[in-house]
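Report on the structure given below.
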Amino acid sequence: MVRRERGAALIFVLLIVATLSIIAVQINEQLRFNVKRLDNQRQNNQAYWYALGGEQLAISLLNQIGDDERTHLGQAWATEDAVFPIDGGLLQGRIVDASACFNLNNLLVVRNAGEAEPAETAYEKQFVSMLELYGFDRARALQLRDRVQDWVDEDLQPHGLYGAEDLDYSDRELAFQAANSFFVNASELNLLMEFEDKEVDALNQVFCTLPKTGTSINVNTLREGQAPFLAALLASTISVEDASQLLKQRPEGGWESVDQFLSDPALAGKELPEDYRDKLAVQSSFFHATINVLYRDTQFSLISQMTIANKKASVQSRRYGELF
């Protein structure tokens, strides 16, 4: 009887030891997890502050534009993909002119009930022309134009042959409603219709968003790869090849004015409609700064929308992380 009691006591002790061992292992694992989590938080916080430092550098570069009446690619802000070493990693930054792309919100057309359909605007013509020059067939370009317009207007009535509003989007597997407000990001186009890979590449090259309508495009900050874009801006009065040559021969400091640009020998004899001329500029006030930080085991991305007003740059909004 005594032996049985001793055996039972031994088993009980072993169970306690095993239980305590399991608890100890779990506590150790939880401790390691908490330590790792805290370390990740510290790294992420440090990367965040490095990114804000990069943002301040971007502001200082934009402030250097100062009294210059032109915004062009020869200025300090236009340096592509600048890389800076930091303690524990690298910081990469890039500033792009948000006036060197087509603002989707320019397609907003105010329609009043009972009134005739407004005449086609220069923005609408440019939009379709750009898509065609980047490989879209005309029907696809018109479909996207109509859907973009219905996305930004305030009414619930589809317009054009290809318009779409809430009823169209509510039938999808993941139903949603039309925004009926400005585009916040060009990636919203993926909600309107499906695109092929080559079409997505074209959309990324052409379109952007600004928090207003009626914006102009700066011909001084267009890059050579945007020749089809420039040809569309000029109502296709010149070929893509001629547009490419025009960008290659652009003055080092950019054109001093829109009139000087339109007086370029490459545009001699080209009659550009007045409503197209109004969409051109040589100065910019909207920019996007992208700052990528690699710090130890952490990657952090910050995209800041900046504006210049009264010769001073400031941050209007921030977005963290890359788009998917």
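Numbering (this note's numbering), first residue to last: -9 to 314. The C-beta atom is built at its ideal place from N, Cα and C for all residues, glycine as well. Nothing here was measured: the structure is a model prediction, and the numbers come from that model.
Proximity of residue i and residue j at Cβ, strictly below 8 Å
| i | j | result |
| --- | --- | --- |
| Asp57 | Lys301 | yes |
| Ser318 | Ala48 | The structure shown does not extend to residue 318, since the chain spans only -9 to 314, so no value can be given for it. |
| Ala41 | Leu292 | yes |
| Thr199 | Phe173 | yes |
| Leu193 | Thr227 | no |
| Ala256 | Ser275 | no |
| Thr205 | Asn96 | yes |
| Val100 | Thr111 | no |
| Val209 | Phe277 | no |
Selected residue, minimal CA-CA separation from residue i, among the options
| i | options | result |
| --- | --- | --- |
| Gln71 | Ile281, Val305, Arg286 and Ala299 | It is worth fixing the name first, because residue 71 is Asp in this sequence and not Gln. Of the candidates Ile281, Val305, Arg286 and Ala299, the one whose C-alpha sits nearest the C-alpha of Asp71 is Ile281. |
| Ala66 | Ser50, Asp77 and Lys115 | Ser50 |
| Gln239 | Ala217, Thr203 and Ala225 | Ala217 |
| Arg84 | Asn95, Leu63 and Phe92 | Leu63 |
| Tyr38 | Tyr285, Thr297, Val305 and Met296 | Tyr285 |
| Asp127 | Leu98, Phe185 and Ile76 | Phe185 |
| Ser247 | Arg101, Lys269 and Arg32 | Lys269 |
| Leu290 | Ile228, Arg32 and Gln16 | Note on residue identity: the sequence assigns Phe, not Leu, to residue 290. Of the listed residues, the one whose Cα sits closest to Phe290 is Arg32. |
| Thr69 | Arg213, Thr297, Leu220 and Ser206 | Arg213 |
| Ala221 | Gly244, Val118, Gln167 and Pro241 | Val118 |
| Gly244 | Arg60, Gly259, Trp141 and Leu236 | Arg60 |
| Ser160 | Val7, Asp232, Leu181 and Asp254 | Leu181 |
| Gly150 | Glu144, Arg27, Leu132 and Val230 | Leu132 |
Rounded straight-line distance, which links the Cα of residue j to that of residue i
| i | j | result |
| --- | --- | --- |
| Phe314 | Val272 | Caution is warranted here: a pLDDT of 41 is assigned to Phe314, below 50, making its placement in the model unreliable, and the coordinate value is therefore given only provisionally. Approximately 33 Å, taken between the alpha carbons. |
| Ser171 | Gln306 | 18 Å |
| Thr211 | Leu81 | 24 Å |
| Arg162 | Arg135 | 20 Å |
| Asp249 | Asp77 | 49 Å |
| Gln116 | Arg22 | 58 Å |
| Gln167 | Met120 | 27 Å |
| Phe219 | Leu123 | 8 Å |
Rounded Cβ spacing between residue i and residue j (contact assumed at less than 8 Å)
| i | j | result |
| --- | --- | --- |
| Ala154 | Arg137 | 5 Å |
| Val190 | Phe92 | Val190 to Phe92, Cβ: 16 Å. No contact. |
| Ala304 | Ile207 | The amino acid occupying residue 304 in the given sequence is Ser; Ala does not appear at that position. Not a contact, Cβ separation roughly 22 Å. |
| Leu236 | Asp254 | 7 Å |
Closer than 8 Å to chain B by CB, residue i
| i | result |
| --- | --- |
| Pro201 | As a matter of chain content, chain B is missing from the structure shown, which is built from one protein chain. |
Quick check for students: name the residue ranges of the beta strand (DSSP E) that lie wholly in the segment 214 to 295, counting only runs of 3 or more.
276 to 285
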